[in-house]
Structure formats: structure tokens, C-alpha cells
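Numbering (this note's numbering), first residue to last: 39 to 701.
Here a beta-carbon is modelled for each residue, glycine too, at the ideal position from N, C-alpha and C.
The block underneath contains the structure these notes are about, expressed in C-alpha cells.
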Ligand code: CA
């Protein structure tokens, strides 16, 4: 028995020695990687400690054909391989390959590539100066308030293609970066569309769904393909299908910069949707072909096998990256800094941020704030599966307070308002479900500690997790799951359209009057529907496109949202900056009837010209009577109230909201 155990032990040991590279012993390289270009020479350097040899292959085209030159790389310091070519190599396509265990791995574009050809197969040597549109060096991010506090932002989440692809968009460059840069476009009903619509709405930040180079669209086939883009291929390059020429590495960069420049000129900031948590490919990814296994986490009890089989999968996309590994951390940091500096990006949304470790996120935040002090950072404080990295180390929602100037999405208020996203039939506060009051109050206070919230009754979080209101994204819908309008239809089949419109208005009123950073999903302001499709990531334009005729049809809703946005921007009382202000200046009515929420904000203490603000919501299906504090109240918002100041009461119709104030 002992003998068997001993041989088993030796077998395990041997297996470990053979199959498990000790990633911790790989040297770290702190210098520049990828291409360093000048007119007189181009230097190339990759990091691949396990490689026995490395090559740079040069091509005339971005795909097909044979390399016209193959250069053996020299072994450099700290696991790097490099070469320098004299002369001007602009517009040459290039790839690398490394030999590991006596086998040449696949050719891959430089993971640090700044330009690529068609479908991101080969990197391209470019002079970044050639990618600047006219006036780019003078491009400036517009102010979004007096202070530019993160809670002054009003974020609008939009997909590049969705914005313009509808026949009725009046936009020429449909589905392209340039389409979103067109001004003065109109629908056939005469309503402004695209960029002009965003400007008119009054939002401050446009969060564009992924516009780095992603894998799922064949860029050589110009149309009838659709994807959200959460499948990263080349992190530091724009997606080709949004450009007018995906073959030329310069065009996509230039056109994206044109879009950003135009947004900035028109008072809008741009947020980058960052998806560093996984790569579209696993064994075949750029990372894994250069340094097998290193950039990813591996299942705890399986022996890490760099050639596949043991990748852990907290993203439900086949792999999860390992931000805690020094070279992955360095990659993420350099990538966001590159986007912020080269493209003048104003904010980052981190997909499945709960996969990343807190330390990396805080390093990133500190560096980005140095480049742009008023940058807005937020992410999904959750994962899509189990991760081997302990919860205490990861940037998940319950650790939000440990994050340095990074917000997390509040699913507490999201589902408190409309019901669980995992159960289409489930209703929320705004659609008549009783018992959701504390979940919504939790969101009104932006997950900050508040003495009047009964945390035992909050749907998900049983304690506050925010250090301050800037720590929380206040929202009730995004690209994931059903649109709010569809969710209301699916969960309230017996409600009339008029009733659902009231619910919709109520939901958006809660979002835009609550503390935290408000976040709207594109088209919500005109009751966007995806025909009940729950996950529309590849559903095509017929489901996903913003249908601009809806704007005229639902103009009163659009105008109402515009009004809410205007009020929020004018009143600091809705944009508190620290947790103490929230606890001290929001006073909930503890006796508000079931299905209602009523509270006052002490505007005077917050330098608001509205000295006192009274806000009440009736999410129930019957009229409710709510106490109104004494005084001479004026009306700011009223979707169904009967105000009786003398009697100290306000009657609120079902699914309605009221905002009153004293000067
Ligand atoms: Ca692509």
C-alpha cells in the first residue's frame, strides 16, 4: 500500500514537473512590447519566456499569400524576443510565431498591435500620426458639469450599429463610426436622430458597446451580420466592421477618432466598453499562442495544462483571464492608458469586472485618474460562473467600497424597480409588486449606509456596499436581458398600454432622481422594444436597431425623459458626492403606505436652490394618499398627483410620481 502511494506521489510530482509551467517563475518584462515605429526603423518585441525560438513574418496583405520576409528574433532580457529593422516599414503587415517544445505555434498578430488588417488576422505597421483627423491635437473633452463629479454624469448606453442602421435614421453612413458623427439627421417624421438626438436628450456620456476589434463579425462581408461585440480579438485596435474600409489599418482608427472628436465638439463624452475578462479564442488566442496558459486562470483541482482542458471559466465564455498575473495586469493597464491617451476616451465600463482582482482595478483607476482626473469608471461587480480566485480579492459588488473611484452596477435597484431579470414574469416596485420598497430605497441612497433602510428586506444586498454615491451605477435596464418596455409587457400581460407607459415613466423617474450615477439604455426614452427577445447579442438589426419612428410615436415620453435629465443637471440635491450627505439629507417617510415611497431632500444643505424637495412614488395598482409636509410646495414633476397642501396630503394615482419643491 505504502509502495503504491509512493509511486502515485512520484507520478503526480512528475506530472507537475512536465505539465505545469511555473508561471510565477517567468521573468517579468517592464518595458515596451509590440511595435515601436519611426520613419527610420521599426523595433519589435514580444514576451514569451517558454519559447525556444521566435520569428517575425512580414506580409504585403492583411490575409492570404506568403510572407515576403521572415526574420529570426533574438533572445532578449526577461523572457523577451526582439528585432529591429532599419528603414520605413509603414503599411507592412506582420505576425509573430514562437517555437515551444520543438513545435511552431500559430502565427498571431502582435497582442499589442495598434493597427490590423481585415478580420484582425495580421498586425500592421503604421505611423499613428497618419490616423489623426484634422484638429485632433486640439480635441478636448467637454465639461459635463461645473465640478465634473462622477455623479454629475448621465450615461447613455448605445451600440454603434443600432444607432443608425434603421432605414428611417436619415443617416448616410449606416452602422458605421461615421454614421454616429453625422449631425442634423432626421427621421421621415421630422424628428432628430443619431447624434443630434443624443445632444437634444441632454445626456452627458455615451457608453458605446465594444468597439475594439472583436471576432464574431466577418469584416469582409459588409452586411447582414450582427453582434454586440463581447468577444475580444485585438484589444488595442478598433473593430473593422464599423469602418468604411476594414482592410486598411488606418481607416478604422481615423474614423473612430472622427466620431470621438465630433462627440466632444457637441458636448458629449465617450465611454469604452472594456472586455479584458476573457478572450474570444482560448488555446488559439494571441496570448495563449505566445505564452501558453499564462494569461488565464485554471481550474483549482485540475493540473494546469497549458495546452487546454483546464481553463477555468468564470465568464461563461470558455476562459477567464488572470489579472493578478503581472504581465496580464501590465497588459490591461497599458491598454486602458493607450485608449485614454491616443483616443481621448473619457470613461471605461469593465465587463464582468468581478473576474478582475481589486488590486489591478485600483492600479488602473489611479493611473487613469492621473491622465484624466474626471474620468468615469464602472463595471459589473459580478462574474458569470465560479472563479478560482477568492471572492475577497475580486472586484465584486460586495467589495465595491474597496474600489478606488470605480462604480458597480446596482442590480438591487434594477430588479427592485422592474422585477428579477432571471424571471420574465416577475414584477417590481414600478409594476405593482408589493414589498419592494426597501430595495428601491436602497438604490435611492446609492447603496450607502442610511439609518432608515431595513436591509433585511432588500432583495439582494443585506448591507450597504458603497463608500459614496460615485460607487454605484443606478439603472433599471441595459443591453442585457429584456428592455424595460418589453419586461413590463411580459410581466404585466393584463395591464393596458397606458398603464405600462405610466410604469415606464415611474421607473425612469426613480432612476433620474436617485443618488449614484444614472445609466439609461438607448431608446428607453421612446419605449424601445426588442420584440421580447431576452438576449439579443446576435439577433440582427430587425430586433436591435433603434427604430426612429418610435420617437414620434412616443414623443411625450421622450420629452418627459428630457425634462427629468434637465432637472437632474440643474439640481445638486440629486447628485450628492459623499455617503454622509445621503444619510443626513434624505429623510424617508416611515409611514408611507405599502407600495409607495416618499422622501424629502434637504436641498438647502446641498447648495440647491430648491431648499426642500419632496419626492413620492406610487408603484401600486391603486390610488394612494401620502402625507405631505407643511409648506408652499411647487410642482416640478407630476405624472398623476392631486396635491392638497392645506390638508397635508398628496393623492397619487397608480404607477405615478411627483416631485415638489420649495424655493
Ligand atoms: Ca473584427
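Start and end residues, beta strand (DSSP E) containing residue i
i	result
residue 675	672-676
residue 553	Per DSSP, residue 553 belongs to no beta strand (DSSP E) and is neither H nor E.
residue 85	79-85
residue 523	Note, residue 523: premise wrong, no beta strand (DSSP E); alpha helix (DSSP H) at 522-529.
residue 694	694-700
residue 274	270-276
residue 624	624-626
residue 512	510-512
residue 190	First-last for residue 190: undefined, no H or E at that position.
C-beta atoms of residue i and residue j nearer than 9 Å
i	j	result
residue 423	residue 353	yes
residue 164	residue 291	yes
residue 169	residue 191	no
residue 223	residue 231	yes
residue 200	residue 582	yes
residue 369	residue 312	no
residue 557	residue 596	no
residue 116	residue 60	no
residue 413	residue 445	no
residue 314	residue 214	no
residue 652	residue 671	yes
residue 432	residue 396	yes
residue 611	residue 641	yes
residue 160	residue 92	no
residue 554	residue 511	yes
CA-to-CA distance, residue j to residue i, given in whole angstroms
i	j	result
residue 539	residue 182	30 Å
residue 308	residue 476	34 Å
residue 669	residue 605	21 Å
residue 635	residue 664	9 Å
residue 497	residue 585	34 Å
residue 394	residue 418	10 Å
residue 256	residue 268	15 Å
residue 523	residue 107	57 Å
residue 364	residue 62	9 Å
residue 234	residue 493	43 Å
residue 130	residue 82	13 Å
residue 355	residue 528	28 Å
residue 398	residue 361	7 Å
residue 374	residue 406	8 Å
residue 687	residue 681	7 Å
residue 647	residue 467	30 Å
residue 400	residue 438	11 Å
residue 601	residue 266	30 Å
residue 411	residue 614	18 Å
residue 588	residue 238	16 Å
residue 699	residue 221	37 Å
residue 345	residue 321	Reliability of the predicted coordinates at residue 345 is poor, the pLDDT of 49 falling under 50, and the value obtained from them is presented with this limitation in mind. Using only the alpha carbons, I get a separation of about 7 Å.
residue 658	residue 691	9 Å
residue 75	residue 166	9 Å
residue 121	residue 300	39 Å
residue 603	residue 546	10 Å
Host alpha helix (DSSP H) of residue i (start-end)
i	result
residue 302	287-303
residue 608	593-608
residue 376	364-380
residue 325	324-328
residue 243	Not the alpha helix (DSSP H): residue 243 falls in the beta strand (DSSP E), residues 243-246.
residue 124	Not the alpha helix (DSSP H): residue 124 falls in the beta strand (DSSP E), residues 118-124.
residue 480	475-482
residue 403	396-409
Assigned exposure category for residue i - 16 Cβ within 10 Å defines buried
i	result
residue 685	exposed
residue 11	Since the first and last residues shown for the chain are 39 and 701, residue 11 lies out of range.
residue 65	exposed
residue 367	buried
residue 212	buried
residue 465	buried
residue 486	buried
residue 390	buried
residue 78	exposed
residue 127	buried
residue 508	buried
residue 286	buried
residue 124	exposed
residue 660	exposed
Contact with chain C by residue i, beta-carbon distance below 9 Å
i	result
residue 329	Note that chain C does not occur in the displayed structure, where there is just one protein chain.
Distance cut-off 8 Å: residue i Cβ against heavy atoms of ligand 3
i	result
residue 252	Among the ligands modelled here, namely ligand 1, ligand 3 does not occur.
Q.
Residues around ligand 1, please: the condition is that the C-beta lies closer than 7 Å to some non-hydrogen atom of it.
A. Qualifying residues come out as 157, 158, 251, 252, 253, 255, 257, 271, 277, 278, 279.
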